[in-house]
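K.L.:
The structure under discussion is supplied below as structure tokens; questions concerning it will follow.
In my numbering, the protein residues as written are 2 to 115.
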């Protein structure tokens, strides 16, 4: 999976999220949205549901195994309230038994709703 967004697009994504979900504005501003996400899919699906698929992937920079959650784009802006709340909540977790949110990969569909 390779995605690329510019710093301007990252700002647009965060501004859009903040405008739609004002109650989470401070947490949204602190989210780490990567400009370039380059993960190698290990073809190991851990689960799937109505929101998307969870897979094992590898970070090519350090060969670290990570878990990717790919969200399906269904609504006009590809940003569901539940997704934004989940991102904000998960970003606050710091516990040995809970996966840590490392970063967020985005593409233009989030901005353009495609």
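All residues carry an ideal CB built from backbone N, CA and C; glycine is no exception.
1) Taking just the CA atoms, how far does residue 69 sit from residue 89?
2) Would you tell me roughly how many angstroms separate the C-alpha atoms of residue 84 and residue 47, rounded to the nearest one?
3) Taking all protein chains shown into account, decide if residue 58 is buried (16 or more other Cβ within 10 angstroms of its Cβ) or exposed.
4) Can you give me the start and stop residues for the beta strand (DSSP E) that residue 43 sits inside?
5) Whole angstroms is fine: what's the gap from residue 56's alpha carbon to residue 40's?
P.N.:
According to the structure shown:
1) Within the chain shown, the letter at position 88 stands for residue 89. Within the chain shown, the letter at position 68 stands for residue 69. In a straight line, the C-alpha of residue 89 is about 16 Å away from that of residue 69.
2) Taking the first residue of the chain shown as position 1, residue 84 is located at position 83. Taking the first residue of the chain shown as position 1, residue 47 is located at position 46. Rounded to whole angstroms, residue 84 to residue 47 spans 19 Å at the Cα level.
3) Sequence index remark: in the chain shown, residue 58 carries index 57 (1-based). Here residue 58 is buried: its Cβ has 16 or more other Cβ atoms, across all protein chains shown, within 10 Å.
4) Locating residue 43 in the chain shown gives position 42, counting from the first residue. It spans 41 to 49 - the beta strand (DSSP E) in which residue 43 sits, taken as one unbroken run.
5) Along the chain shown, read from residue 1 onward, the residue named residue 56 stands at position 55. Along the chain shown, read from residue 1 onward, the residue named residue 40 stands at position 39. About 11 Å.
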